[in-house]
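The sequence shown begins at 62 in this note's numbering and counts up one residue at a time.
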Amino acid sequence: MDEKLRPETVAITAGRPTPTADGSLNPSISLNSTFHAGGPVGYGRFGNETWSALEEAISALEGGKTLTFASGMAAISAVFSLLPTGSVITASHQGYSGTMSLLNSLQESGRIEVRFVDLSNSQEVLSALPGTSLLWLESPTNPCLDIADLPLLISQAKAQGCGVAVDNTFATPLVQQPLTFGADMVMHSVTKYLAGHSDVIMGSISTNDDPLFSRLSTARKQNGAIPGPFEAWLALRGIRTFPLRFDRAQSNAMELARRLSIHPNVTKVYFPGLENDPHHERAQTFMKGFGAVVSFTVRGGADEADRVCGASRLITQATSLGGVESLWERRRRWALESSSVPESLIRLSVGCENVEDIWADIESSLQHG
Ligand SMILES: *Cc1c(COP(=O)(O)O)cnc(C)c1O
Numbered sequence: 062m063d064e065k066l067r068p069e070t071v072a073i074t075a076g077r078p079t080p081t082a083d084g085s086l087n088p089s090i091s092l093n094s095t096f097h098a099g100g101p102v103g104y105g106r107f108g109n110e111t112w113s114a115l116e117e118a119i120s121a122l123e124g125g126k127t128l129t130f131a132s133g134m135a136a137i138s139a140v141f142s143l144l145p146t147g148s149v150i151t152a153s154h155q156g157y158s159g160t161m162s163l164l165n166s167l168q169e170s171g172r173i174e175v176r177f178v179d180l181s182n183s184q185e186v187l188s189a190l191p192g193t194s195l196l197w198l199e200s201p202t203n204p205c206l207d208i209a210d211l212p213l214l215i216s217q218a219k220a221q222g223c224g225v226a227v228d229n230t231f232a233t234p235l236v237q238q239p240l241t242f243g244a245d246m247v248m249h250s251v252t253k254y255l256a257g258h259s260d261v262i263m264g265s266i267s268t269n270d271d272p273l274f275s276r277l278s279t280a281r282k283q284n285g286a287i288p289g290p291f292e293a294w295l296a297l298r299g300i301r302t303f304p305l306r307f308d309r310a311q312s313n314a315m316e317l318a319r320r321l322s323i324h325p326n327v328t329k330v331y332f333p334g335l336e337n338d339p340h341h342e343r344a345q346t347f348m349k350g351f352g353a354v355v356s357f358t359v360r361g362g363a364d365e366a367d368r369v370c371g372a373s374r375l376i377t378q379a380t381s382l383g384g385v386e387s388l389w390e391r392r393r394r395w396a397l398e399s400s401s402v403p404e405s406l407i408r409l410s411v412g413c414e415n416v417e418d419i420w421a422d423i424e425s426s427l428q429h430g
């Protein structure tokens, strides 16, 4: 029956214990480091019922079979750890700063060769594929919201025998399901929209490939970057309302992007939902939404962007995204952020508040100076 249910329903029904009289509606928080001998799990680093419930729910939304990790970065590290020394990864030259810094370290230590490309330029990506073991895709990219042509790049890479993984954190399974385009793996920073309340750090990988699943499962056991049972429980609780939250955040983002794009103190808005955005047309061909992160640059450079972020009273000046509350920050305040990101770029993670309240705060912050 689950197969026919729509994602809004699946988010609510998946990962529940089998119904029994007086049995629990929700999975319990399995606070056990070990289990009685004789079963398939055995030890708390290998699995527990709380992870299983969460993994079932993410699988129901994203497809494939899922493993959860201590963080999004732990999930990414597990994927990269499978590659033999000297392998080539092709990845975005402007993506999530943590991924970029890990790739740079792997390259500097001589473990991996990285080809950094502009993911929105399909020709450039395709030219880098010969000799590539893993194409690491992120779309929309963080923080400039570039869109990669996922169906094209994934099918071309697979046709050449290249492994493909997609960081689907920004889009979420409600907007795109990369496994249905043929990707080998889809990764989430569960920390963001799936958990959704800025109170959990966690990551996941989903795959349809059983041998790959078992290699990743071994990597998780060996590296030990496992989620805590309480965090897993919180993340599953968050998933129950994820479609509701994401719907509201997306419609708020669309409206705020429109208003920002005609504000005199804003020089450029990055949001694939805007009709004049260079990525709009492509986004519309395969995405079911445009996400809820809006980036923009302001007149007056870095100092003015810092002033704007500090002037808000509703929006919190903080990093991260995907929670119910709106957050913003000037991305280049982080040394790790790519130098191709403009100094005055503010990344706004649009939350679920009333859109007029968010807009009033943005407007007064922009005009303060
Ligand atoms: C936050 C983030 C990550 C890293 O996830 P953590 O849970 O912070 O380790 C990876 N990719 C993207 C796109 C992110 O936004």
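Glycine residues also receive a C-beta, built at the ideal position from the N, C-alpha and C atoms.
One question on the structure: do residue i and residue j come within less than 8 Å of each other, judged by their Cβ atoms?
i: Arg393; j: Leu382; result: no
i: Ile266; j: Leu255; result: no
i: Thr279; j: Thr328; result: no
i: Asp228; j: Asp245; result: no
i: Gln311; j: Phe351; result: yes
i: Ser410; j: Gln155; result: no
i: Gly76; j: Leu115; result: yes
i: Phe231; j: Val354; result: yes
i: Val186; j: Leu195; result: no
i: Leu240; j: Gly124; result: yes
i: Asn326; j: Arg360; result: yes
i: Lys126; j: Ser132; result: no
i: Gly192; j: Ser216; result: no
i: Ser426; j: Ser373; result: yes
i: Leu305; j: Ser322; result: no
i: Ile150; j: Leu163; result: no
i: Val261; j: Ala296; result: yes
i: Gly371; j: Glu404; result: no
i: Val71; j: Leu128; result: no
i: Ile173; j: Leu198; result: no
i: Gly384; j: Ser275; result: no
Compare the C-beta of residue i with all C-beta atoms of chain C and state if any pair is closer than 8 Å.
i: Trp112; result: In the displayed structure, chain C is absent; only one protein chain is listed.
Measuring CA to CA, which of the options is closest to residue i?
i: Gly412; options: Asn313, Pro403 and His340; result: Asn313
i: Asp338; options: Gly76, Asp207 and Leu180; result: Asp207
i: Gly264; options: Met248, Thr202 and Tyr254; result: Met248
i: Asp210; options: Gly371, Pro204 and Ser200; result: Ser200
i: Trp395; options: Glu386, Gly384 and Arg408; result: Arg408
i: Leu317; options: Ser356, Ala296 and Lys253; result: Ser356
i: Tyr331; options: Phe347, Asn203 and Gln238; result: Asn203
i: Val369; options: Ala296, Glu390 and Ile419; result: Glu390
i: Gln238; options: Lys253, Pro212, Ala218 and Ser188; result: Pro212
i: Leu235; options: Trp420, Phe303 and Gln168; result: Phe303
i: Thr74; options: Asp418, Cys205, Ile300 and Ser162; result: Ile300
i: Ser153; options: Val140, Ser183 and Pro145; result: Ser183
i: Asn93; options: Phe347, Ser142 and Pro290; result: Pro290
i: Ile287; options: Thr346, Tyr104 and Asp367; result: Tyr104
i: Glu169; options: Thr146, Tyr157 and Gly384; result: Thr146
i: Ser158; options: Thr346, Glu424 and Leu397; result: Leu397
i: Ala135; options: Glu365, Gln345, Arg343 and Val251; result: Val251
i: Cys494; options: Arg67, Phe347, Ser148 and Glu69; result: Not covered by the structure: residue 494. The range shown for the chain is 62 to 430.
i: Trp294; options: Ala118, Leu66, Glu365 and Glu342; result: Ala118
i: Asn109; options: Asp364, Glu292 and Ser188; result: Glu292
i: Ser401; options: Cys205, Phe347, Glu69 and Leu167; result: Cys205
i: Thr268; options: Arg67, Gln428, Leu66 and Val140; result: Val140
i: Thr380; options: Pro272, Ala82 and Lys253; result: Lys253
i: Ser366; options: Gln428, Arg343 and Asp418; result: Note on identity: in this sequence residue 366 is Ala, with Ser being the wrong assignment. Among Gln428, Arg343 and Asp418, the Cα nearest to that of Ala366 is on Gln428.
i: Met315; options: Glu417, Arg343 and Lys65; result: Glu417
i: Gln283; options: Met348, Phe347, Lys349 and Ser142; result: Ser142
Assuming residue i contacts residue j (C-beta within less than 8 Å), just tell me the rounded distance between them.
i: His324; j: Pro333; result: In fact, because the Cβ distance is near 19 Å, the residues do not count as touching under 8 Å.
i: Phe130; j: Arg281; result: 6 Å
i: Ser91; j: Thr111; result: 5 Å
i: Asp422; j: Ile376; result: 5 Å
i: Leu190; j: Ala218; result: 6 Å
i: Trp420; j: Arg320; result: 6 Å
i: Arg106; j: Gly257; result: The Cβ separation is near 27 Å, so there is no contact.
i: Ser88; j: Pro101; result: Looking at the sequence provided, one finds Pro at residue 88 rather than Ser. Pro88 to Pro101, Cβ: 17 Å. No contact.
Worksheet item: Which runs of the beta strand (DSSP E), 3 residues or longer, sit entirely within the stretch 154-210?
Response: 173-178 and 195-199
Fill in: Complete alpha helix (DSSP H) runs within the stretch 80-144 (minimum length 4 residues, chain order)
110-123 and 133-142
Worksheet item: Which full runs of the beta strand (DSSP E) of 3+ residues lie inside the stretch 206-259, going along the chain?
Response: 224-228 and 246-250
Discussion item. Quick check on the DSSP output: what are the complete alpha helix (DSSP H) runs of length 4 or more inside the stretch 289-324, in order along the chain?
Written reply: 290-301 and 303-322
Practice prompt. Could I get the ranges of all uninterrupted alpha helix (DSSP H) runs contained in the stretch 325-406, with 4 residues as the minimum, in chain order?
Written response: 341-347 and 362-372
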